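Some notes on the structure that comes next.
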Amino acid sequence: MSAKAIREFDGKRILSTNLPAFKLEKRFAQIAVSKTFESQSREEFFASIEAANPWLTTLGETKLVVKPDQLIKRRGKANLLLLNSTWEQVQEWVWERINKPIQVETVSGVLTHFIVETFVKHSGPDEHYFLVSMLAKFRELHFVYMEINPIVLVGDQISVLDMAAKLDETANFLVGESWGTLEFPPAFGRAKFPEEEFIQDLDSKTGASLKLTILNHSGRIWTMVAGGGASVVYADTIADLGFGQELANYGEYSGAPSETHTYYYAKTILDLMTRNFDERGKVLIIGGGIANFTDVALTFKGIIRAIHEYQQKLKDNKVHIWVRRGGPNCQEGLTVMREVGEATGVPIEVFGPETHITAVVPMALGLVEKPTTVAVQPTAAAPGKSSSSKAAASEEGSAVNSDNDDTDGVSGDEEAKALAKKPVPVVIQDEGIVRMNDKTRCIVYGLQQRAVQGMLDFDYLCKRKTPSVAALIFPFSPNHYLKFYWGTSERLIPVFQKLSDAVKKFPDVSVLINFSSFRSVYQSTMEGFEHSATLKTHAIIAEGVPEQQSRLIAKKARELNVGLIGPATVGGIKPGCLRIGNTGGMLDNIVQSKLYRPGSVAYVSKSGGMSNELNNIVSQTTDGVYEGVAIGGDKYPGSTFIQHLLRYEANPEVKMMVLLGEVGGTDEFAVCRAIQSGAIKKPVVAWCIGTCAKIFPFEVQFGHAGACATGESETASAKNAALAAAGAIVPENFDQFGNAIRKKFDSMVASGVIVPRPEIPVPKVPMDYAWAKNLGLIRKPANFISSISDDRGEELRYAGTPISKVFEEDMGVGGVIGLLWFKRRLPPYAAKFIEMVLMVTADHGPAVSGAHNTIVTARAGKDLISSLISGLVTIGPRFGGALDKAAEMFATAHDSSMSAADFVVDMRKQNKLIMGIGHRIKSLSNPDKRVTIIKEYAQANFPSTDVLNFALEVEQVTTKKRSNLILNVDGCIAVCFVDLLRNCGVFTLEEANEQIADGCLNGLFVLGRSIGFIGHFLDQKRLKQPLYRHPWDDISYLDEEF
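The numbering of the sequence shown is the UniProt record's numbering, which starts it at 1 and goes up by one.
Quick look at the structure:
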């Protein structure tokens, strides 16, 4: 939602902060229920208010006014206003009412927020309306509604006495700092449920959309619908069939949410619906339209996780689940969903895109039997209604019976009639500015490779001679090329950093498809307008564009005679010619909906998601789609229904038209006037979704920003009635929409107006390898194998362990090394030992070869990586590389049952040094502290130290020859690590020996010593040491004779 109401306190705070020149009264305060309210006395509560607003205690003769601040209208009439009172009187008045329920007209709620401010006596001549500055700030701060009555001037002090306001929430990125800390309160009598706040928080942390409104927590019918438009359609159908009071929730998930997000969304709904038992059982409808790009199987994974988790509660509450979905990978998703029902025992009925989107609703409600194959035309009717009579009424253009309370007809709505009778507006007849033919070429703004490939596949499917995409724009990288498929061959498409370069290179391009984000789309669109001589159509995909920017874009487009589709749209499609972006979905849906060749029906829709459903419905009830456009769900779309319908009216190839509007706005009335005046003569089958709004006791914002009625004339019911009265064919509900289209098409075929388009052989486009593999259609031997980590799922996994669990269980670096090096979960003492090894091997001073090399390289001005590598390459048999060999020697000798003395003698006979024995200066009497630490930890914590004990026996033999032939740190680490692997309980003896042979011990030294090498590099940079040159007097220059 974009326009959101704010508290009077916040409105006055924003105005007083941003209009300093007018000296607006700043003495106003908020009194609100806090988390500690229940435990506070009256004195403590108001003392905290006084501490935050000390002016309340220094009023003198000044009086106060106080009122609730919870979006309540007509507070004075409801006796919720206290005037001309002292602070003590305000406290008493508020304390009697705060946190207590109250009824205002027909709505009940709890008073939790009040605003208290100075009372200003005023008369008519004192009221001054500083409109110029106010209007400027209204625009600058992105208010969308502001009501002030009155403004009073006393001396040089201006006071805003009463105020109601709404802000454009989507403009937060522009002026959020000027707004300050802001709360968007719920409607009075409609406190938010914790679950709603949880989903709202979840929604704020993802680029997808997650919405939930609880209507009746004891309701029997629950929905989990994908898509903003589809969510309204399901709610409409439930209400139209007479079950509106049983509807428990309204909401939607869309925008390709992750598995985790859909899991939490589904879990929240399942938890809510299984709290209260209903003897009749409950219904959960997991519905949705045919997705354009969302992987249905992937989103279903999260829902399936939740179903598994709640399977017993679902069965206990007699929950029956009905699923209808379409789109990419839907068959796999639907198959898995069906299997889940069989595995858990939860009854789950599954339907795909061959079933009308709302056909599952009457089945779920028990109005019709579940058929073996669901037809496109549903036959459900509300109890007591006749389906045949509805269809007949629709054919005649009549909406519904006005004397039936459950219907949507509002034939007596005078406001709607007045709007429908206004003169037909002047509309640009040369709508050729919306370019969509088989020679149209586009520039795509944004690196949307998937969408571009989809457009090229559509081009190839339609047998276009040239690709529709000429170039891409990506401002964040220099000019380059990207490779795309054209059938089985490959083509390079240029990517430009500047739009001007692309336009200059491709003067034949007439369409700009703009995938910029809502933050930058205004600037990129204005940049596109600079080339309005050639770029005659803009499609703006982004949702959430601030309303003010949308209106400025539309105004500029009209001035330049440029056509707009969007914002907040999926685009449009003209079969056989062009698809904009992801319109039409995957290729299998393009083929199923026959979008590879033109039909006789053109449609225009608000909803982009529902445009795919229209493609599906039209293809199954007529000879197919000629053209379809989704104008976008925002409040101010760049083009209107009437503009596109007049284009269709002027096109002889279009025989009938379909309009899918929605609650909010009045654009549909322009269509009514055009039909009545004869400007539109071709049949129009129309429906406005959002008829369910009448069953809600409070205002509900539906899936699109513009889908909210601000007056009776903007309701879906009023618009459907007006369209029917004007002569459009309006079915009784959306469930009958397909029937109405079929019936009108059949009658036009029978009368010879339409000659159905001939079918052509279904063209084929090779399937992408990645998608075919995802569907399990092909397999290929991998060239690369990895078994220690996986980044493909919802979170990174180390040897199968989620990264979150690594931190939850505090595994540490040692535990991570166990997972990544050994694919084992090591016991805590083992993980700590590994960390100890890294600590004692981290450094051994600047004189050793590795550190020396690192220092010299750093002083030569090289970077960290180069310096680190120069130190690491010195590690070998003479420096740091003795661990593996020492482990091998001592383990082999121990396993052969050789005595320590015999081992020493054997090594001497072979003329081999014993790796891990000997130190330059340390001895038994002057031990290496590092060795002591390692040895004592192993002896205290390891289950067994057999190899260490053997090494210590060897030390007793070798030190008799020379005192410094002790077990050094390399040897001690080596033998202790052998004992660790053999006795920690997670390896067999063979596995432990294999790990040693693979070189893991030298890996520990390399990892540990890298810490020191990096330290030496940073140290030299910090000390700003110059290039190192070795002194001559430290070099022996040999004569030539040597």
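Backbone N, C-alpha and C define an ideal beta-carbon position, used for all residues, glycine too.
As the structure is a prediction and not an experimental result, all values here were calculated from the model.
Checklist entry - Whose C-alpha, out of GLY632, SER1010 and PHE300, is nearest the C-alpha of ASP843? => result Of the residues GLY632, SER1010 and PHE300, the one whose Cα lies closest to the Cα of ASP843 is SER1010.
Item to check | One or two residues paired with GLN103 in a DSSP bridge | outcome: SER108
Checklist entry - Which partner residues does TYR829 have in the DSSP bridge list? => result TYR829 is bridged by DSSP to nothing; it lacks a bridge partner.
Checklist entry - Which residues in the same chain as THR268 place their Cβ atom closer than 8 Å to its Cβ, once the five residues preceding and following it in sequence are excluded? => result Result list for THR268: GLU195, PHE198, ILE199 and LEU212, in chain order.
Checklist entry - Taking C-beta to C-beta, are LEU659 and VAL671 nearer than 8 Å? => result It is a contact, given that the beta carbons lie within the stated cut-off.
Checklist entry - In chain order, what residues of the same chain have a beta carbon less than 6 Å from the beta carbon of ILE553, not counting five sequence neighbours either side? => result Taking ILE553 as the centre and dropping the five residues before and after it, the same chain places the C-beta of THR525 closer than 6 Å to its C-beta, in chain order.
Next on the checklist: I believe VAL360 touches ILE307 by the beta-carbon criterion, under 8 Å. Please report the beta-carbon distance rounded to the nearest angstrom.
Outcome noted: The Cβ separation is near 17 Å, so there is no contact.
Item to check | Cα-Cα separation between PHE632 and LYS606, rounded to whole angstroms | outcome: Looking at the sequence provided, one finds Gly at residue 632 rather than Phe. Cα to Cα, the separation comes out at about 5 Å.
Checklist entry - Where does the unbroken alpha helix (DSSP H) through PHE972 begin, and where does it stop? => result It should be noted that the sequence gives Cys, not Phe, for residue 972. 969-983 is the span of the alpha helix (DSSP H), which, as asked, contains CYS972.
Checklist entry - By a C-beta neighbour count over all protein chains shown, 10 Å radius and 16 as the cutoff for buried, is THR58 buried or exposed? => result exposed
Checklist entry - When burial is assigned at 16 or more other CB atoms within 10 Å of the CB, is LYS719 buried or exposed? => result buried
Next on the checklist: Taking its Cβ as the centre, do 16 or more other Cβ atoms sit within 10 Å of TRP93, making it buried, or is it exposed?
Outcome noted: buried
Checklist entry - Quick one: what's got a C-beta closer than 6 Å to ASP1039's C-beta in the same chain, skipping five residues either side? => result none
Checklist entry - What is the C-beta distance between ARG435 and ARG597, in whole angstroms, given that I count them as a contact (C-beta under 8 Å)? => result Not really, about 20 Å apart at Cβ, beyond 8 Å.
Checklist entry - Thinking C-alpha only, which one of VAL601, ILE689 and VAL618 is nearest TYR648? => result VAL601
Next on the checklist: On the CB-based measure, 16 or more other CB atoms within 10 Å of its CB, does ASN79 come out buried or exposed?
Outcome noted: Its Cβ having fewer than 16 others within 10 Å, ASN79 is exposed.
Checklist entry - Whole beta strand (DSSP E) runs in the segment 605-639 with 3 or more residues, listed along the chain? => result 625-630
Item to check | Closest residue to LEU472 among THR959, LEU492, ARG464 and HIS894 (Cα-Cα distance) | outcome: Nearest C-alpha to LEU472 among THR959, LEU492, ARG464 and HIS894: LEU492.
Next on the checklist: I believe LYS313 touches THR274 by the beta-carbon criterion, under 8 Å. Please report the beta-carbon distance rounded to the nearest angstrom.
Outcome noted: 4 Å
Item to check | Endpoints, beta strand (DSSP E) assigned at TYR481 | outcome: For TYR481, the enclosing beta strand (DSSP E) starts and ends at 480-486.
Item to check | Counterpart residues of ASP168 in DSSP-defined beta bridges | outcome: Residue pairing for ASP168: DSSP places it in a beta bridge opposite ALA3.
Item to check | Anticipated Cβ contact below 8 Å, residue 1066 with CYS976, distance rounded | outcome: Because the chain spans 1 through 1042 in this model, residue 1066 falls outside it and cannot be assessed.
Checklist entry - Is DSSP giving GLY563 helix, strand or coil here? => result strand
Checklist entry - Taking DSSP as the reference, what is the three-state secondary structure of GLY752? => result coil
Next on the checklist: Buried or exposed, going by whether 16 or more other CB atoms sit within 10 Å of the CB of VAL480?
Outcome noted: Strictly speaking, residue 480 in this sequence is His, with Val absent from that position. The residue is exposed, with fewer than 16 neighbouring Cβ atoms inside 10 Å.
Item to check | Between the CA atoms of LYS282 and GLU349 - distance to the nearest angstrom | outcome: 14 Å
Checklist entry - From which residue to which residue does the beta strand (DSSP E) around LYS67 run? => result 64-68
Checklist entry - Going by beta carbon distance, what residues of the same chain come within less than 8 Å of SER923, once the five residues before and after it are set aside? => result Taken in chain order, the residues that qualify are THR959, SER963, ASN964 and ILE966.
Checklist entry - Where do the ends of the alpha helix (DSSP H) carrying GLN449 lie? => result DSSP places GLN449 in the uninterrupted alpha helix (DSSP H) bounded by 449-461.
Item to check | Complete alpha helix (DSSP H) runs within the segment 527-580 (minimum length 4 residues, chain order) | outcome: Complete alpha helix (DSSP H) runs here, min 4: 547-560.
Checklist entry - If ILE855 and HIS1016 are in contact, beta carbons under 8 Å, what's the gap, nearest whole angstrom? => result ILE855 to HIS1016, Cβ: 5 Å. Contact.
Checklist entry - Do ASN993 and ASP928 have their C-beta atoms closer together than 8 Å? => result no
Checklist entry - Taking one C-beta from the segment 718-732 and one from the segment 661-668 each time, how about it: are there three or more such pairs within less than 8 Å? => result yes
Next on the checklist: Closer than 8 Å is the cut-off here; do at least three beta carbon pairs connect the segment 558-578 with the segment 438-445?
Outcome noted: yes
Next on the checklist: Taking a contact to mean a Cβ-Cβ separation below 8 Å, would you say VAL116 touches LEU161 in this structure?
Outcome noted: no
Item to check | Distance, ILE785 Cα to CYS688 Cα | outcome: 54 Å
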